[in-house]
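In our numbering, the protein residues as written are 1207 to 1483. Backbone N, C-alpha and C define an ideal beta-carbon position, used for all residues, glycine too. One structure below.
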Ligand SMILES: NC(=O)c1ccc[n+]([C@@H]2O[C@H](COP(=O)([O-])OP(=O)(O)OC[C@H]3O[C@@H](n4cnc5c(N)ncnc54)[C@H](OP(=O)(O)O)[C@@H]3O)[C@@H](O)[C@H]2O)c1
């Protein structure tokens, strides 16, 4: 090896080392690719979003409330092995401290799309149904407070912490995942899902207000909801449930196509239509 090559190699290694030291968070991110952050990315719709965006070459910050070593992160870790453009970070959306730590770690990273997907839901459809069928006179108010904390306040905490990252990006999108269980306009005549529904209705109002607040900065706030996604054990038995891969592909298209025109409105990603609040 010539001295020129050795010098060149030394310089390259030094530069790489310096880059890693200066920009550790973004070391395996492409500066030319768009960046997405997903909350609740360890399973269900969030996992599939993180996986599909990583496969599409995006820089992905896949967040989960589960810490290192938790078996619940295994799926994400497996995706990361084939896709170094996916980073796993720990965020419990009820923790401002955890959120701010990640926002600070990625302070130099423009964030094209922030997806607030995490929700206080159960790991199986059966357990979800037990929760949503809880009668009004047996409301567990601690559980109700948690629904509001995760489903309504969580996205607002994330929006606060990451707004500067979003503003600095090309696409400038915040996407909040809601549910028709929180809809007034659909007028579904059921007492089902009081806590969950009320917290999603609060999310809708927060999102609408936020859309007006950040419109002058060119930031789009999209609300999205599906009909029923087979995202967890038990749900696929329901004839209405659609495969998570297909529904997430539709969701990604909705996110790609969203414009300021529909900021603050709810797009149903199963049908592609605008749903009522
Ligand atoms: N599936 C549907 O048909 C459907 C219909 C309407 C709306 N949605 C909405 O779509 C989104 C995703 O639903 P899904 O069916 O994919 O749910 P899921 O499979 O049950 O996943 C929920 C995710 O949220 C995470 N999470 C819960 N509490 C959290 C917290 N405090 N901080 C951070 N992450 C937290 C969970 O993490 P852990 O693993 O740690 O619990 C999990 O990763 C939700 O907003 C839901 O309301 C879904």
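Let me make sure I understand the geometry here. Which of the options has the alpha-carbon closest to that of residue i?
i: residue 1327; options: 1281, 1416 and 1249; result: 1249
i: residue 1387; options: 1474, 1466 and 1315; result: 1474
i: residue 1154; options: 1246, 1303 and 1312; result: A question about residue 1154 goes unanswered here, because the residues of the chain that appear run from 1207 up to 1483.
i: residue 1305; options: 1366, 1349 and 1412; result: 1366
i: residue 1470; options: 1461, 1427 and 1409; result: 1427
i: residue 1381; options: 1413, 1303 and 1253; result: 1413
i: residue 1466; options: 1420, 1435, 1275 and 1302; result: 1420
i: residue 1410; options: 1272, 1482 and 1334; result: 1482
i: residue 1236; options: 1264, 1253 and 1252; result: 1264
i: residue 1247; options: 1241, 1231, 1278 and 1232; result: 1278
i: residue 1253; options: 1284, 1399, 1238 and 1408; result: 1284
i: residue 1442; options: 1289, 1324, 1360 and 1330; result: 1330
i: residue 1336; options: 1435, 1399 and 1415; result: 1399
i: residue 1457; options: 1289, 1290, 1323 and 1232; result: 1323
i: residue 1433; options: 1416, 1454 and 1422; result: 1454
Which term fits residue i, buried or exposed, when burial requires 16 or more other beta carbons within 10 angstroms of its beta carbon?
i: residue 1444; result: exposed
i: residue 1392; result: exposed
i: residue 1446; result: exposed
i: residue 1418; result: exposed
i: residue 1286; result: buried
i: residue 1452; result: exposed
i: residue 1459; result: exposed
i: residue 1477; result: exposed
i: residue 1374; result: exposed
i: residue 1216; result: Any answer about residue 1216 is weak, because its pLDDT of 46 lies below 50 and its placement is not dependable; what the coordinates show is given next. Residue 1216 should be labelled exposed.
i: residue 1259; result: buried
i: residue 1437; result: buried
i: residue 1424; result: exposed
i: residue 1480; result: exposed
i: residue 1256; result: buried
i: residue 1298; result: buried
i: residue 1240; result: buried
i: residue 1345; result: exposed
i: residue 1394; result: exposed
i: residue 1325; result: buried
Please look up how many angstroms separate the CB atoms of residue i and residue j, rounded, as I've assumed it's under 8 angstroms.
i: residue 1484; j: residue 1368; result: No answer is possible for residue 1484: the residues shown for the chain start at 1207 and end at 1483.
i: residue 1402; j: residue 1353; result: 6 angstroms
i: residue 1282; j: residue 1300; result: Not confirmed; about 20 angstroms, so no contact.
i: residue 1245; j: residue 1321; result: 7 angstroms
i: residue 1267; j: residue 1295; result: 6 angstroms
i: residue 1371; j: residue 1309; result: 7 angstroms
i: residue 1332; j: residue 1440; result: 5 angstroms
Return yes when at least one heavy atom of ligand 3 lies under 7 angstroms from the C-beta of residue i, else no.
i: residue 1339; result: Of the ligands this structure carries, namely ligand 1, none is ligand 3.
Sorry if obvious, but does the Cβ on residue i come closer than 7 angstroms to a heavy atom of ligand 1?
i: residue 1242; result: no
i: residue 1324; result: yes
i: residue 1470; result: no
i: residue 1186; result: In this structure the chain extends from 1207 to 1483, so residue 1186 is not present and cannot be described.
i: residue 1327; result: yes
i: residue 1444; result: no
i: residue 1271; result: yes
i: residue 1300; result: yes
i: residue 1246; result: yes
i: residue 1432; result: yes
i: residue 1250; result: yes
i: residue 1435; result: yes
i: residue 1405; result: no
i: residue 1383; result: yes
i: residue 1456; result: no
i: residue 1266; result: no
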